[in-house]
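I have placed the structure first, in the form of C-alpha cells, so that the comments after it can refer back to it.
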DNA sequence: CTGAAAGCGCTTACAG
DNA sequence: CTGAAAGCGCTTACAG
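Printed below as a string of C-alpha cells:
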C-alpha cells in the first residue's frame, strides 16, 4: 500500500541506492547502461521518492505557506488563487493557513510550518507584535501590507487609493464625507485613512472617521445606527467592499436613495461589488496580479535568484471603478 | 537560527536521547529527578521536536488535507473555515489545496500529500475517474458529495432540496419552471436535478433543464441569451447561488421584474444571497455544521475511534429561506 | 562511473 | 528506570 522505497529500486536494478539517488536527482555521473536499468526499475515499481526523507536531509520541502487572516473575506481567496497558480507552476506546494486574525493561531501555524521546513512564507495578516518574522529560518514576504522596508512586500497604493476615492466624492458634489475605516492594526487601513484625511484637509473640510471590522454584518449594524437619526453625511468612503456592502444594505433598509442622497465607495474590487444593487463603485486593486507577483518574488528569493539591488517593496497602482453607488463625473 | 535538536537537550541534561524522547512523548518510565533535569534543559534551550524527523519515523504528520475545487466560490471557504476550526482544536494542521477542478492538479496534490504522510484527506471535488481514492494509505472523507456508500461522507439532502425548491415555486403559482443545473460530474448537482424532475413529473409538468458552470459570469451570459428573446419561463431553480446571482443580474438588465414576472431560487445559502437585490431566496445548507462534522468524523477515523457500525454517510437536512426573489407563500 | 559509509533528527524495541 | 543500537528513506562527500 505504501510507496516503494529507493532500496527496492536499487535491488531490482542491481545497483546501489546512491546510484538510484543520482538518477532521480539527475545529479552526478551515471553510466548510460546503468541509467537505463535504473529508469526501467523505477518505471516497473512505479517509484516516486519519499518527500519526508528528502526534507529531513535537505531541510527543504518545496512548500510555501500562506497565512490568511480571514478566508471568508473574498479578497483573500482571490489573492490566494493567484499565489497558488504561480506556486504550482514553479513546482511548489502551497499550504493555506487560515488564522482568523487570532495571534495564538498565527503563532502556532508559524511554529508548525517552521518545523515542517517550509521554504518560504507569505503573510497577509495584520500586525502581530508577538511574532518576529525576521528571525525565521526562511524568506518571508508581506502581501497587502508593508512591514518593514527591508523585507519583501507586495501591496497596492493604499494612500493614493484613499485620495482618489475622496477626490471623486468631492468632484461629484459631496462635502460631508464619512470614512469608515478598517482595524487599526491593519496598515493598509491606516494608509487609506491617511489619503482621505489629506484630501479633506486640503479642501478645508472636516474629516469624520469611524472604525469598523472588515465584515458586512458589523458594517450593517453600524450603518443602521447611523441612519436611525437624520443622515448627517452625503457620502461614505468605506475601508473595503464588505463594509460598503453592509452600509449599503442598511441604507436601503432606511430608504436612503443611493447615490442621490448618499454616495458610497468601497475598496478592493472583489466580485461581490457587481452583485449589490446598485453595483458598488470601488477602488480596484489588481488582486490577481498582486498574488502572482508575491509568489514570483518569494520563490525567486528562495532560489536566490533575486538581485541584491532589487527593490523590496512592490506597490501596484489602483483605480476607481465607477458603478452605481456614485454619481457619474461630468 | 534553526531549532535545537534532541541531542543538545540530551547533552545539557546529561542523559541519553532516548530519555529526552520519553519525556517529550510522555511515554515510558522516567525518574522524577531525571524528568526535572530534562524539562529544565528543554525550557532553557527552548526546544521543540523536529516534526519532519518524527514524521519519517511514525509515518504520520498530524496534518489533514482538504481538496477544494474552487476557492473563489464562497461556499467552499465557508466549509473550509469550519473544517479548519475543528482540525485546529483537535491538534491537526490543515493543508488547503485549491485544484481549480483540474484533474491533473488534483492528482499531483494527492501524490504530494501522500508523500508528506497526511493522516487523512477531505475531498470536496467532483468526480475524477483518474483517482482511486480507496487505495490511499490514509482515511478519506467526501464532503458535499457521496462517493460510495462504504466511504465516509458528509453532505446534505440534495434531492430533497431540489424537491422543496420546485414545490415552493409551484405553490407560489409558477408553472413554467426552468432548472439550471451544475456540471454533470458533480453528484450533488445531479441529485438536485432529480428532485426537480420528480416534482415536475408528479405534477404533469414539462421539465426544462439547462447546464451551467457554478460561476456567476457563465450564468449571467446564459441568462442574457435566455432573456434576449421573449421570456419563456416564470421561474428558475438555479443549481447554486452563484448561478442564481448571475441570472438575476441578467434579468435586471432586461428589466424583468423579479419575483413578479420571474421567480428565482438559489442553492447553498452563501453570504452573497443577502447582498443581491432583491435578496436571493435559497435552499440553505447547514454549511458550517457540515464542515465541522466532516472534520470530526475524519479525525475519529484517523484515531480509530470510529465505531465499526457507525454509518458512513451523514446527510444533513436543508431548508428554504424565503427572501426577495420569490413570492411569499400564503 | 559506482559503492560503502555516515548522517539528517527522531523513536522504539531490547537489554540491563 | 535508563542507555546503546538500529532504523525511518533519503543524500552527499569520499574513495576507488
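Chains as they are written, first to last, in UniProt numbering: chain R, 1 to 330; chain H, 1 to 330. Even for Gly, the Cβ is constructed at its ideal location relative to N, Cα and C. Model, not experiment: these values are computed from the prediction.
Can you check whether the C-beta of residue 52/H is within less than 8 angstroms of a C-beta belonging to chain R? Mapped onto the second chain, residue 52/H falls at position 52. With respect to chain R, the C-beta atom of residue 52/H has a partner C-beta closer than 8 angstroms.
query = Can you give, in chain order, each stretch of the beta strand (DSSP E) that sits fully within the segment 42-130 of chain R and has at least 3 residues?
reply = 63-68, 93-98 and 120-123
(Q) I want to verify the contact list: residues of chain R whose CB lies under 8 angstroms from the CB of residue 179/H, in sequence order. (A) As a working mapping, residue 179/H is identified with position 179 in the second chain. Under the 8 angstroms cutoff, chain R gives no residues; its nearest Cβ is about 21 angstroms from residue 179/H.
| query | How close, in whole Å, do the beta carbons of residue 313/R and residue 146/R come, if the pair is a contact with beta carbons under 8 angstroms? | reply | As a first step, residue 313/R must be located in the first chain, where it is residue number 313. As a first step, residue 146/R must be located in the first chain, where it is residue number 146. About 6 angstroms separates the two Cβ atoms, so the contact holds.
*Could you pull out every residue in the same chain whose Cβ sits closer than 7 angstroms to the Cβ of residue 229/H, ignoring the five residues on either side in sequence?*
Here residue 229/H corresponds to residue number 229 of the second chain, with the count starting at 1. Cβ within range, chain order: n/a, list empty.
Exercise. Hey, would you say residue 95/H sits closer than 8 angstroms to residue 110/H, going by beta carbons?
Worked result: Sequence index remark: in the second chain, residue 95/H carries index 95 (1-based). Sequence index remark: in the second chain, residue 110/H carries index 110 (1-based). No, the Cβ-Cβ distance between residue 95/H and residue 110/H is not below 8 angstroms.
* To do: With a threshold of 16 other CB atoms inside 10 Å of the CB of residue 120/H, please say whether the residue is buried or exposed.
  => For the purposes of this step, residue 120/H is taken as the residue at position 120 of the second chain. That one is buried.
Notebook entry, point to check: At which residues does the beta strand (DSSP E) containing residue 209/H begin and terminate?
Noted result: If you number the second chain from 1, residue 209/H lands on position 209. First-last of the beta strand (DSSP E) with residue 209/H: 208-211.
Considering only residues of the same chain and omitting the five flanking positions on each side of residue 243/R, which have a CB-CB separation below 6 angstroms? The residue you call residue 243/R lines up with position 243 of the first chain. Closer than 6 angstroms at Cβ, skipping near neighbours: 180, 212 and 219.
* Asked: Looking at C-beta atoms only, is the number of pairs between the segment 67-83 of chain H and the segment 285-294 of chain H that lie closer than 8 angstroms three or more?
  -> yes
Legend entry - Reference residue 298/H, options 140/H, 114/H, 158/H and 172/H, closest by Cα: As a working note, residue 298/H is residue 298 in the second chain. Nearest option by C-alpha distance: 140/H.
Practice prompt. Pick out whichever of 67/H, 224/H, 82/H and 34/H has its Cα sitting closest to the Cα of residue 71/R.
Written response: By 1-based counting over the first chain, the position of residue 71/R is 71. Out of 67/H, 224/H, 82/H and 34/H, 82/H has the C-alpha closest to the C-alpha of residue 71/R.
field: Selection of the segment 91-105 of chain H by Cβ proximity to chain R, strictly under 7 angstroms
entry: 93, 95, 96, 98 and 105
Starting from the beta carbon of residue 71/R, find every residue of chain H whose beta carbon is closer than 7 angstroms, and list them in chain order.
Here the question's residue 71/R lines up with position 71 in the first chain. Correct list: 77, 80 and 81.
Closest to residue 6/R by CA distance: which of 25/R, 14/R, 47/R and 39/R is it?
Start at 1 with the first residue of the first chain, and residue 6/R comes out as number 6. It is 47/R whose Cα lies nearest to the Cα of residue 6/R.
C-beta neighbour in chain R for residue 111/H, strict 8 angstroms: Translated into positions along the second chain, residue 111/H becomes position 111. Yes, residue 111/H lies at the interface with chain R (some Cβ there is under 8 angstroms from its Cβ).
Quiz item: How is residue 24/H classed by DSSP in three states: helix, strand or coil?
Solution: Residue 24/H sits at position 24 when you count from the first residue of the second chain. Helix at residue 24/H.
- Query: Quick one: what's residue 235/R bridged to in DSSP?
  - Reply: What you label residue 235/R is simply residue 235 of the first chain in a count that begins at 1. BP columns for residue 235/R point to 177/R and 263/R.
*For the segment 193-200 of chain R and the segment 164-172 of chain R, state whether three or more C-beta atom pairs, one from each stretch, are separated by less than 8 angstroms.*
yes
Discussion item. Any beta carbon from chain H within less than 8 angstroms of residue 331/R's own beta carbon?
Written reply: Residue 331/R lies beyond the stretch modelled for chain R, which goes from 1 to 330, so this question has no answer here.
- Message: For residue 257/R, would you say it is in contact with chain H, using Cβ-to-Cβ distances shorter than 8 angstroms as the test?
- Response: Counted from its first residue, the first chain places residue 257/R at position 257. Residue 257/R does not count as touching chain H.
Exercise. First and last residue of the alpha helix (DSSP H) that includes residue 316/R?
Worked result: By 1-based counting over the first chain, the position of residue 316/R is 316. Here residue 316/R belongs to no alpha helix (DSSP H); instead the beta strand (DSSP E) covers 313-316.
Q. Taking the Cβ atom as the reference point for each residue, do residue 69/H and residue 101/H lie within a distance shorter than 8 angstroms?
A. Along the second chain, one-based indexing puts residue 69/H at 69. Along the second chain, one-based indexing puts residue 101/H at 101. Cβ distance < 8 angstroms, so residue 69/H and residue 101/H count as in contact.
Inset, instruction - Work out the CA separation of residue 134/H and residue 300/H for me, nearest whole Å. - result: Numbered from its first residue, the second chain carries residue 300/H at position 300. Numbered from its first residue, the second chain carries residue 134/H at position 134. Those two C-alpha atoms are separated by around 18 angstroms.
Q.
On the DSSP letters alone, give me the boundaries of the beta strand (DSSP E) that residue 292/H sits inside.
A. As a first step, residue 292/H is located in the second chain; it is residue number 292 there, counting from the start. Unbroken run through residue 292/H is the alpha helix (DSSP H), 287-302; no beta strand (DSSP E).
Under 8 angstroms, with one C-beta from each stretch per pair, do the segment 316-327 of chain R and the segment 270-283 of chain R reach the 3-pair mark?
yes
Residue from 237/H, 203/H and 169/H whose Cα sits closest to the Cα of residue 329/H: Looking up residue 329/H in the second chain gives position 329. The residue with the shortest Cα to Cα distance from residue 329/H is 169/H.
Residue nearest to residue 18/H in terms of C-alpha spacing, selected from 3/H, 33/H, 32/H and 38/H: Stepping through the second chain from its first residue, residue 18/H is reached at position 18. When each option's Cα is compared against that of residue 18/H, the closest is 38/H.
| message | Is there a C-beta anywhere in chain R that falls below 8 angstroms from the one on residue 276/H? | response | Sequence index remark: in the second chain, residue 276/H carries index 276 (1-based). For residue 276/H, the answer is yes, since a Cβ of chain R falls inside 8 angstroms of its Cβ.
inquiry  = What does DSSP give as the partner residue(s) for residue 281/H in the beta ladder?
reply    = Translated into the one-based positions of the second chain, residue 281/H becomes position 281. Beta-bridge partners assigned by DSSP to residue 281/H: 265/H.
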